[in-house]
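For the sequence shown, my numbering assigns the number 61 to the initial residue and increments by one for each residue that follows. Idealized CB from N, CA, C, for every residue including glycine. This report concerns only the one structure given below.
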Amino acid sequence: MILLISDLHLQEERPDITRAFLDFLGGHARSAEALYILGDFFEAWIGDDAMTPFQSSICAALRALSDGGTKIFLMHGNRDFLIGSTFCKKAGCTLLADPSVVRLNGEPVLLMHGDSLCTLDEGYMRLRRVLRNPLTLFILRHLPLATRRKLARKLRNESRAQTRMKASDIVDVTPEEVLQVMRQHGVSTLIHGHTHRPAVHALQVGDRPARRIVLGDWDAQGWALQVDEQGFKLSPFEFPAQSA
């Protein structure tokens, strides 16, 4: 069994999501051969050198799962693209390039965070190119912590304000880009997150039937995609109740 999740946006201000994730790690995920986390795992990440006690506790929980035999793969999202090798080593996980092709049930499957598919959002795409430039990443990682925290808050606030003002089709994936990237990688299945619009979309890539599976965000409930001998199953689940 393989599990795929994304868009947990873990933060101290949402202990309900943290409880749900720790419950997921201690339960369902323990039976998995591998766990793929496709970006925006944390609400914000300003550098491995700025790990908070809260983030360290999440790191330790991942390590416990990894030590138990489950392989963990982590992909950058638009909120946590500064996660680096130090965190991954401590957490016992492997950093996965975006995009990556992996084999699930013997089939080549394209995994992405999903933000690079939203090509109609031209302003965001310009910002993404700047922020993901190796020179920019080097500069960001060497800024003083206080400056990084201030910049992260500014970018987060601006992103929320702009998303509210944009038409829904602009902040969703561009259909033509989806087909182009699937043809480029020679796959019939694409799995991504980012848009917070969980669904399984039937597609046609050339003369082949295809599908795009969108993982859900963890907010009012959790979402996980399970891949096993029965196929691909995307399901929501309720958060565990808070202990009295």
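DSSP state of residue i mapped onto helix, strand, coil
i    : result
L82  : helix
D127 : helix
I143 : coil
L257 : It should be noted that the sequence gives Arg, not Leu, for residue 257. Residue state, collapsed to three classes: coil.
Q281 : coil
A94  : strand
I77  : helix
P296 : strand
Residue range of the unbroken alpha helix (DSSP H) whose run includes residue i
i    : result
H245 : 235 to 245
L68  : Careful: L68 lies outside any alpha helix (DSSP H) and carries neither H nor E.
Integer Cβ distance of residue i from residue j, believed to fall under 8 Å
i    : j    : result
V169 : T255 : About 18 Å; that fails the 8 Å criterion.
S66  : D100 : 6 Å
A92  : I62  : 6 Å
M172 : D181 : Wrong, their Cβ atoms sit about 15 Å apart, outside the cutoff.
Neighbourhood of residue i by C-beta, 6 Å cutoff - its chain only, sequence neighbours within 5 removed
i    : result
G282 : A80, F297
K131 : A94
L205 : A110
Contact set for residue i: own chain, Cβ-Cβ below 7 Å, skip 5 residues either direction
i    : result
A259 : V274
V233 : G174, L177, C178, T255
L122 : I132, A151, G152, C153
L307 : There is simply no residue 307 to check, as the chain begins at 61 and stops at 304 in what is shown.
Residue i: first and last residue of the uninterrupted beta strand (DSSP E) it sits in
i    : result
F101 : Careful: F101 lies outside any beta strand (DSSP E) and carries neither H nor E.
L171 : 167 to 171
C153 : 153 to 156
I273 : 268 to 274
T27  : Look at the range of the chain in this structure, 61 to 304, and you will see that residue 27 is not part of it.
Buried versus exposed call for residue i [16 or more other C-beta atoms within 10 Å across all chains shown]
i    : result
F198 : exposed
A247 : It is worth fixing the name first, because residue 247 is Val in this sequence and not Ala. Classification for V247: buried.
L285 : buried
Q290 : exposed
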